[in-house]
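Right, one structure below, let's go through it.
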Amino acid sequence: MSAAPLYRRIYDVVRRIPRGRVATYGQVAAYAGRCTPRQAGYAMAALRDDDVPWHRVINSRGRISFPENSRGAGQQRLLLEEEGVVFGHDGRIDLKKYGWQET
DNA sequence: ATGTTGACCGACT
DNA sequence: GAGTCGGCCAACA
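Residue numbers (our numbering): 24 to 126.
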C-alpha cells in the first residue's frame, strides 16, 4: 500500500465516500495519511478516472472549488444534487449535515 | 540540483 | 462578509 503512489492512496479514500455525502480536501488528505490538503487537490486535478467520485470532494468552506473555466464545474453540482445533496442560496453545502463522517 | 505552481487551509485584517 | 498572507509538500519545467 505504502508503495503505491500518493495519488493512488488519495483516490482510494475518495472511493470510500458514501453516496449523498461530501468530504473536504483536508479530510481526504488526513485519511490518506502523509498528505497535505494541497496534494489532495493536485491529485484531483490530474484525475481522469471516472471510477473515482471526485465530485464528492469539496473545500473546507463547503463550496465547490473548481476553475469555472472547466466544464466539470457545473457537472459537480449536478452530480451532487442528483445524490440528494442540497445547496444553499449561496451555492454552499452544509458540511454539518452532508459532511462525511467516519462512522 | 533549484524554482514555480497548485480543484487547499487557517489565521488575520 | 471579502481580501491577503504564510505554510504545506508533491509534481513539473
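Heads up, the beta-carbon is just placed ideally off N, CA and C, and yes, glycines get one too. All values derive from a computational prediction rather than experimental measurement.
- About 15 angstroms separates the beta carbon of residue 78 from that of residue 118, a gap too long to meet the 8 angstroms contact definition.
- The alpha helix (DSSP H) runs lying completely inside the segment 32-78 and spanning 4 residues or more are 48-55 and 60-68, given in chain order.
- When rounded, the separation of the alpha-carbon atoms in residue 51 and residue 113 is 24 angstroms.
- Here the alpha carbons of residue 105 and residue 36 stand approximately 21 angstroms from one another.
- Residue environment analysis places residue 59 among the exposed positions, since fewer than 16 neighbouring C-beta atoms fall within 10 angstroms of its C-beta.
- For residue 100, the uninterrupted alpha helix (DSSP H) run begins and ends at 95-105, by DSSP.
- Within the model, the alpha-carbon separation for residue 81 versus residue 88 is close to 6 angstroms.
- Residue 80 is bridged by DSSP to 46.
- Taking a C-beta distance under 8 angstroms as the contact criterion, residue 122 and residue 45 qualify as a contact pair.
- Only residues of its own chain outside the window of five on either side were considered, and among them 60 and 83 have a CB closer than 7 angstroms to the CB of residue 49, listed in chain order.
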